[in-house]
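Asks:
2 protein chains.
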Amino acid sequence: MSRSLLDRSIKSEPYHHGNLHATLLEAARALVEEVGIDGFSLRELARRAGVSPAAPYHHFKDKAALIQALAGESQARLGIASLKAIKGITDPMQKLSMLGVAYVVYAFEHPSEFRIMFRHELHSPLGETNQEQLEVNKPDPAFVLLKQTLIECRDAGCIPITSDNALELSTISTWALVHGLATLIVDGPLMHTIRTREQVIELTRQITRG
Amino acid sequence: MSRSLLDRSIKSEPYHHGNLHATLLEAARALVEEVGIDGFSLRELARRAGVSPAAPYHHFKDKAALIQALAGESQARLGIASLKAIKGITDPMQKLSMLGVAYVVYAFEHPSEFRIMFRHELHSPLGETNQEQLEVNKPDPAFVLLKQTLIECRDAGCIPITSDNALELSTISTWALVHGLATLIVDGPLMHTIRTREQVIELTRQITRG
DNA sequence: CTCAATATTTGAACAGTGATAAGATATGCT
DNA sequence: AGCATATCTTATCACTGTTCAAATATTGAG
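Structure, rendered in structure tokens:
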């Protein structure tokens, strides 16, 4: 009791015990980036939030659910970063390039978040197809942004896309290229050769040029 | 004691206790494919191998080490599958296409193995650069195969590759494309739209054509 | 303002995990 | 045969995810 009072002594933190939901997500993000997704533990998280091991279960059904929420946040963050990257740019082809760079750079600078975003559990936890699942499977913002930009490219005559199917293919193709590059840098054989942000940008530019 | 005798009653299984090393890897492969990498437990593995929980530690330093060995096996398997895929084919461009298809198909049919191959721990566990690490970082067979084929393509004049740097870039680029596609199918948004092996092949062909 | 309904949080407990150390058992070598 | 060695077991530790009943705080109706 005295401890918890001390913990939230700085400001107001609504007496009961702050808004744990947000606090947990915040601390979880830091913890995951610090110890990686495998070293991540709910109990350590609770410890850092100054709360009992059972407390998080009133805000997240599961450890998986918490990570899922975390992944959602990261998706949103990546979406925002992407938006920032193309702000003010009019040439659709340049937009496309910037989107790619933003994607890979984000992966490079937040590797743990990047890994979490692509855990298969997030896409269908246990074969169940419950309500929440549909809510979670909301379209990835980075994905729709990419699609939109590709449409702009087509309309500007920069890329030959005839059918809807071709659009879908182009989207998948460019996404795959950029995502694969990010993976190779973050978790693959390029991990040790690519070390600086500038290298990442340069390599991404070169790869997406062809 | 009587139990262990019963367990290896079928055949010869060298009295002491069979060749655990191989048995463990075999069972681990099955277990991982069954429960996924997160559900995978060393104790359950020992249980299935009919051996005490501590036994595996005499053959693998760590849980991580075992998974690492598993990943090595999978890399080799993928290499073999790739070789099979281009056996008898002479046209280097067609070889390239077949390699891509083999890669994505392998990921599709052995998703857990595919995920394991790209865990960052395998590339540098804890920032240490010890001896074993260098042994583990042996070049990926699929990678060297891809590079070789690209060289053949250049020599045949199918692809304009001028410098060594350009060769490196082309290798990374095609690998990234194929790896990204595999990830999108196995762990990403394409998971639910692509369901059959034929769909995988068709999609990969279309993507790698451009 | 009071007090019951509700939302949060805690404490204790359970089963299961990775890992280590000391002792038992078999194998292979001389 | 007998000893060093590799292999396996038993017991144990610290830690984890999760659940449940009890304790506490917040809220809203009267």
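In order, the protein sequences belong to chains A and B.
Sequential numbering of the first sequence, starting at 1, is according to the numbering used here.
Sequential numbering of the second sequence, starting at 211, is according to the numbering used here.
Using N, Cα and C, we set each Cβ at its ideal position, and we do this for glycine too.
Can you grab the Cα-Cα spacing for the pair residue 97(A) / residue 144(A), in whole Å?
Replies: Position 97 of the first sequence, counting from 1, holds the residue named residue 97(A). Position 144 of the first sequence, counting from 1, holds the residue named residue 144(A). Approximately 15 Å, taken between the alpha carbons.
Asks: Is the stretch 305–324 of chain B touching the stretch 284–293 of chain B, taking contact as three or more C-beta pairs under 8 Å?
Replies: Yes: the two stretches touch, three or more of their Cβ pairs being nearer than 8 Å.
Asks: Please list the terminal residues of the continuous alpha helix (DSSP H) segment that includes residue 410(B).
Replies: The residue given as residue 410(B) occupies position 200 in the second sequence. Here the alpha helix (DSSP H) through residue 410(B) covers 407–419.
Asks: Using the beta-carbon count (16 or more within 10 Å), is residue 35(A) buried or exposed?
Replies: Along the first sequence, one-based indexing puts residue 35(A) at 35. By the neighbour-count rule (16 or more Cβ atoms within 10 Å), residue 35(A) is not buried but exposed.
Asks: Just the chain B side, please: which residues come within less than 7 Å of residue 119(A) by C-beta, in chain order?
Replies: Along the first sequence, read from residue 1 onward, the residue named residue 119(A) stands at position 119. Those within 7 Å of residue 119(A) in chain B are 397.
Asks: Could you tell me the distance, in whole angstroms, from the CA atom of residue 379(B) to the CA atom of residue 21(A)?
Replies: By one-based count along the second sequence, residue 379(B) stands at place 169. By one-based count along the first sequence, residue 21(A) stands at place 21. Their Cα atoms are separated by approximately 45 Å.
Asks: Against chain A, with Cβ distances strictly below 8 Å, would residue 382(B) count as a contact?
Replies: Within the second sequence, the letter at position 172 stands for residue 382(B). Closer than 8 Å to some Cβ of chain A, the Cβ of residue 382(B) qualifies, so yes.
Asks: Between the stretch 68–97 of chain A and chain B, which residues of the former have a C-beta closer than 8 Å to a C-beta of the latter?
Replies: So the list is empty, because no residue satisfies the distance condition.
Asks: Would residue 105(A) and residue 390(B) qualify as a contact pair, given that the criterion is a beta-carbon distance under 8 Å?
Replies: Your numbering for residue 105(A) matches position 105 in the first sequence. Your numbering for residue 390(B) matches position 180 in the second sequence. Their beta carbons are not under 8 Å apart, which means residue 105(A) does not touch residue 390(B) by this criterion.
Asks: Check whether the Cβ atoms of residue 174(A) and residue 203(A) lie closer than 8 Å to each other.
Replies: By 1-based counting over the first sequence, the position of residue 174(A) is 174. By 1-based counting over the first sequence, the position of residue 203(A) is 203. No, Cβ-Cβ distance for residue 174(A) and residue 203(A) is not below 8 Å.
Asks: Label residue 19(A) either buried or exposed according to how many other C-beta atoms from any shown protein chain fall within 10 Å of its C-beta, with 16 as the threshold for buried.
Replies: Along the first sequence, one-based indexing puts residue 19(A) at 19. So residue 19(A) counts as exposed.
Asks: Using the beta-carbon count (16 or more within 10 Å), is residue 68(A) buried or exposed?
Replies: Position 68 of the first sequence, counting from 1, holds the residue named residue 68(A). Buried, since its Cβ has 16 or more Cβ neighbours within 10 Å.
Asks: Does the separation of the CB atoms of residue 250(B) and residue 242(B) fall below 8 Å?
Replies: Here residue 250(B) corresponds to residue number 40 of the second sequence, with the count starting at 1. Here residue 242(B) corresponds to residue number 32 of the second sequence, with the count starting at 1. In this structure, residue 242(B) lies closer than 8 Å to residue 250(B) by Cβ.
Asks: Given that residue 320(B) touches chain A, what residues does it touch there, using C-beta distances under 7 Å?
Replies: One-based indexing of the second sequence puts residue 320(B) at position 110. Chain A residues near residue 320(B): none, gap ~13 Å exceeds 7 Å.
Asks: Assign residue 54(A) to one of three DSSP states: helix, strand, or coil.
Replies: The sequence position of residue 54(A) within the first sequence is 54, counting from 1. Of the three classes helix, strand and coil, the one that applies to residue 54(A) here is coil, per DSSP.
Asks: Please report the distance separating the alpha-carbon of residue 43(A) from that of residue 115(A).
Replies: The sequence position of residue 43(A) within the first sequence is 43, counting from 1. The sequence position of residue 115(A) within the first sequence is 115, counting from 1. If I take the Cα positions, the gap works out to 21 Å.
Asks: State the CB to CB distance for the pair residue 28(A) and residue 45(A), rounded to an integer number of angstroms; the pair is presumed to be in contact (CB under 8 Å).
Replies: As a working note, residue 28(A) is residue 28 in the first sequence. As a working note, residue 45(A) is residue 45 in the first sequence. At roughly 6 Å, the Cβ-Cβ gap stays under 8 Å, so residue 28(A) and residue 45(A) are in contact.
Asks: Assuming residue 305(B) is part of the alpha helix (DSSP H), what are its boundary residues?
Replies: Residue numbering aside, residue 305(B) sits at position 95 when the second sequence is read from its first letter. Start and end: 302–319.
Asks: Look at the alpha carbon of residue 70(A) and the alpha carbon of residue 369(B), and state the distance between them as a whole number of angstroms.
Replies: What you label residue 70(A) is simply residue 70 of the first sequence in a count that begins at 1. What you label residue 369(B) is simply residue 159 of the second sequence in a count that begins at 1. Taking the straight line from one Cα to the other gives about 43 Å.
Asks: Keeping to the same chain, check which residues put their C-beta closer than 7 Å to that of residue 247(B); ignore five residues upstream and five downstream.
Replies: As a position in the second sequence, residue 247(B) is number 37, starting the count at 1. 322, 325, 326.
Asks: For residue 88(A), name the three-state secondary structure that DSSP assigns.
Replies: Against the first sequence, residue 88(A) aligns to sequence position 88. The answer is coil: DSSP assigns residue 88(A) none of H, G, I, E or B.
Asks: How should residue 190(A) be labelled, buried or exposed, when 16 other C-beta atoms within 10 angstroms of its C-beta is the threshold for buried?
Replies: Counted from its first residue, the first sequence places residue 190(A) at position 190. By the neighbour-count rule (16 or more Cβ atoms within 10 Å), residue 190(A) is buried.
Asks: Can you say whether residue 156(A) is buried or exposed, counting buried as having 16 or more other CB atoms within 10 angstroms of its CB?
Replies: The residue given as residue 156(A) occupies position 156 in the first sequence. When all chains shown are included, residue 156(A) counts as exposed.
Asks: Determine the DSSP secondary structure at residue 190(A), reduced to helix, strand or coil.
Replies: Taking the first residue of the first sequence as 1, we reach residue 190(A) at position 190. In the structure shown, residue 190(A) sits in coil (DSSP, three-state: anything other than H, G, I, E or B).
Asks: Taking all protein chains shown into account, do 16 or more other C-beta atoms lie within 10 angstroms of the C-beta of residue 139(A), making it buried, or fewer, making it exposed?
Replies: Position 139 of the first sequence, counted from the first residue, corresponds to residue 139(A). When all chains shown are included, residue 139(A) counts as exposed.
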